[in-house]
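Asker: Okay, handing you the structure first.
In this note's numbering, the protein residues as written are 361 to 489.
Written out as structure tokens, the structure reads:
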């Protein structure tokens, strides 16, 4: 099944109504079991006072970046994806809610190697491409 048209419609709705972003992420948590497992493991690995330097590879809608940035207040996130529009959209959101803590690069994970060091790297659902 081709998911991009549906994902693009959701992305447009989020851009038009930014308040939908948190609801969208909460819906992801309810619908996708793997998301709950990933978030649980992040909570198990890090204390609230830890500093997380996240590499969100194939970030998509950046829901994992949002989670880390909102729960670990001294954390940073770097995201890559092929979809610049999704990254740009979240970056605009992050500039308001997590200023200076989110950066991104449009990149193909098959050829890109980040230059920074990270203590958490996530690559969730990148197989569809």
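Even glycine gets a Cβ: it sits at the ideal position worked out from N, Cα and C.
Would you call the CB atoms of residue 435 and residue 414 closer than 8 Å?
Answerer: yes
Asker: Please list the terminal residues of the continuous alpha helix (DSSP H) segment that includes residue 482.
Answerer: Secondary structure note for residue 482: it is in no alpha helix (DSSP H), and the uninterrupted beta strand (DSSP E) holding it is 480-482.
Asker: Are the C-beta of residue 427 and some C-beta of chain C separated by less than 8 Å?
Answerer: In the structure shown, chain C does not exist; there is a single protein chain.
Asker: Ordered along the chain, which non-local residues of its own chain (more than five positions away) have a Cβ less than 6 Å from that of residue 361?
Answerer: Below a pLDDT of 50, predicted positions are generally treated as unreliable, and residue 361, at 45, falls in that range; the measurement from the model is reported next regardless. Scanning its chain for C-beta atoms nearer than 6 Å, with the 5 sequence neighbours on each side dropped, one finds no residue around residue 361.
Asker: Whose C-alpha, out of 426, 447, 420, is nearest the C-alpha of residue 386?
Answerer: 426
Asker: Measuring alpha carbon to alpha carbon, tell me which of 470, 451, 469, 472 ends up nearest residue 462.
Answerer: Out of 470, 451, 469, 472, 451 has the C-alpha closest to the C-alpha of residue 462.
Asker: Considering only the alpha carbon of each residue, which of 437, 412, 371 lies closest to residue 459?
Answerer: 437
Asker: Mind checking which residues open and close the beta strand (DSSP E) that includes residue 436?
Answerer: 436-441
Asker: Let me make sure I understand the geometry here. Which of 380, 420, 412 has the alpha-carbon closest to that of residue 467?
Answerer: 420
Asker: Between the alpha carbons of residue 380 and residue 371, how many angstroms are there, rounded?
Answerer: 10 Å
Asker: Assign residue 363 to one of three DSSP states: helix, strand, or coil.
Answerer: Three-state DSSP puts residue 363 in coil, outside helix and strand.
Asker: For residue 383, count neighbouring Cβ atoms within 10 angstroms of its own Cβ and tell me buried if that reaches 16, exposed if not.
Answerer: exposed
Asker: Less than 8 Å between the CB atoms is what I'm expecting for residue 417 and residue 483, so what's the real figure, rounded?
Answerer: 4 Å
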